[in-house]
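Here's the structure we're looking at; comments come further down.
2 protein chains.
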Amino acid sequence: MIKSDTLSSVAKISTLLQVISAEARLEILLAIGAGEACVCHLEAVLGYRQAYISQQLMTLREAGLLGTRRDGRYIFYRLEKPEILQIVELAARLEDLDLPAVDSGISLARSSCECPRCCSQVPTRTSA
Amino acid sequence: MIKSDTLSSVAKISTLLQVISAEARLEILLAIGAGEACVCHLEAVLGYRQAYISQQLMTLREAGLLGTRRDGRYIFYRLEKPEILQIVELAARLEDLDLPAVDSGISLARSSCECPRCCSQVPTRTSA
DNA sequence: ATAATACATTCGGAGTTGCGAATATGATAA
DNA sequence: TTATCATATTCGCAACTCCGAATGTATTAT
Numbered sequence: 001m002i003k004s005d006t007l008s009s010v011a012k013i014s015t016l017l018q019v020i021s022a023e024a025r026l027e028i029l030l031a032i033g034a035g036e037a038c039v040c041h042l043e044a045v046l047g048y049r050q051a052y053i054s055q056q057l058m059t060l061r062e063a064g065l066l067g068t069r070r071d072g073r074y075i076f077y078r079l080e081k082p083e084i085l086q087i088v089e090l091a092a093r094l095e096d097l098d099l100p101a102v103d104s105g106i107s108l109a110r111s112s113c114e115c116p117r118c119c120s121q122v123p124t125r126t127s128a
Numbered sequence: 129m130i131k132s133d134t135l136s137s138v139a140k141i142s143t144l145l146q147v148i149s150a151e152a153r154l155e156i157l158l159a160i161g162a163g164e165a166c167v168c169h170l171e172a173v174l175g176y177r178q179a180y181i182s183q184q185l186m187t188l189r190e191a192g193l194l195g196t197r198r199d200g201r202y203i204f205y206r207l208e209k210p211e212i213l214q215i216v217e218l219a220a221r222l223e224d225l226d227l228p229a230v231d232s233g234i235s236l237a238r239s240s241c242e243c244p245r246c247c248s249q250v251p252t253r254t255s256a
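Note that the protein sequences, when read in sequence, are chains A and B. Per the working numbering, the very first residue in the first sequence carries number 1; after that it's consecutive. Per the working numbering, the very first residue in the second sequence carries number 129; after that it's consecutive.
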């Protein structure tokens, strides 16, 4: 893996883009979006195994892209630099894709979470 | 390598970012910048072997990022989607780097080329 | 013609990475 | 205390990627 702090500007940019370019990590960034998400949430929403999610989160953390907040036994991740999503949006536009549902921090990450244990309330549903 | 056209939006974005994230390819994109550049030019400016440059150019071409123009025995490459540089600039800003001299199409790619054979005129030099 | 130049392409192996399995840690519940 | 849950970390190897070497293909020069 790429590390060290004595790197050229291009090398640093290369590292950043490589970190966010892995498909699973892109999905994680989009799932967190403007809000925050715990690991079990990401697990449920994205369908990856827990250890795998944690591995990807570690990579993103080491790149300085994520911040954490512990609440009880849950650890919530948020984007340290939300502008990272602008890169994804720009890339999406270049490919003529209507950007893949960047999480607004309301829809997925905070409410109507599908994972079996955390955030089990379903506040956006209006049915009786 | 990543191919196929039946891919999710995220997968397409992933592929695009992976293609541009390789350090050598980043350097190539920046060296071409807003102008155009032949292979021997890139070879001289970046210091990579010819075959290696061509390999990276092939990858960028297959991703639809480059266009070509043949002039005699030279082949000039240009950015098909110059907005790709905005991604690089954004990434640079996120890392607090003053973006790495995006080629304006004047300084390197078109004039004062250092490679021994092509573009040997040195128009920006004002010395006798 | 042949030769030289500019560039493209294929092949293969050393090296790296992805990711599953197993295990560890830190917090809460009983 | 022990058990359980949420998450982190380490290990190892199959799979993949990088890149050098060799070779192929246009184009121009002689």
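Cβ coordinates follow ideal geometry from the N, Cα and C atoms, glycine included.
Cutoff 8 angstroms: residue i Cβ touching any chain B Cβ
i: Gln56(A); result: no
i: Val45(A); result: no
i: Leu94(A); result: yes
i: Leu85(A); result: no
i: Glu62(A); result: no
i: Ala37(A); result: no
i: Ala11(A); result: yes
i: Ile53(A); result: no
i: Ala31(A); result: no
i: Ile75(A); result: no
i: Ala91(A); result: yes
i: Leu42(A); result: no
i: Gln18(A); result: yes
Option nearest residue i by Cα separation, candidates the options
i: Glu83(A); options: Ala24(A), Leu7(A), Thr6(A) and Leu30(A); result: Leu30(A)
i: Glu23(A); options: Ile141(B), Ala150(B) and Glu155(B); result: Ile141(B)
i: Leu188(B); options: Thr134(B), Ile148(B), Leu135(B) and Val138(B); result: Ile148(B)
i: Gly195(B); options: Ile160(B), Tyr180(B) and His169(B); result: Ile160(B)
i: Arg25(A); options: Tyr48(A), Leu99(A) and Leu7(A); result: Tyr48(A)
i: Gly64(A); options: Lys81(A), Ser54(A), Tyr52(A) and Asp71(A); result: Lys81(A)
i: Ile28(A); options: Val45(A), Gln18(A) and Thr15(A); result: Val45(A)
i: Cys168(B); options: Arg201(B), Leu222(B) and Asp226(B); result: Arg201(B)
i: Gln56(A); options: Asp71(A), Gln18(A) and Arg70(A); result: Gln18(A)
i: Leu94(A); options: Gln178(B), Leu227(B) and Leu144(B); result: Leu144(B)
Beta-bridge pairing of residue i - partner residues as DSSP gives them
i: Asp199(B); result: Tyr202(B)
i: Ala51(A); result: Paired residues: none, contrary to the question.
i: Glu164(B); result: Arg206(B)
i: Leu188(B); result: The partner list for Leu188(B) (beta bridge, DSSP) is empty, contrary to what the question assumes.
i: Leu166(A); result: With chain A covering 1 to 128 only, the question about residue 166(A) has no answer from this structure.
Any C-beta of chain A under 8 angstroms from that of residue i
i: Leu207(B); result: no
i: Glu155(B); result: yes
i: Ser235(B); result: At Ser235(B), the pLDDT of 43 sits below 50, so the modelled position is not reliable; the number obtained from the coordinates is stated separately. No - not a single Cβ of chain A is within 8 angstroms of the one on Ser235(B).
i: Leu194(B); result: no
i: Ala150(B); result: yes
i: Asp199(B); result: no
Count the CB pairs spanning the segment 192-212 of chain B and the segment 153-171 of chain B that are closer than 8 angstroms, and state whether there are at least three.
yes
Looking at C-beta atoms only, is the number of pairs between the segment 216-223 of chain B and the segment 86-101 of chain A that lie closer than 8 angstroms three or more?
yes
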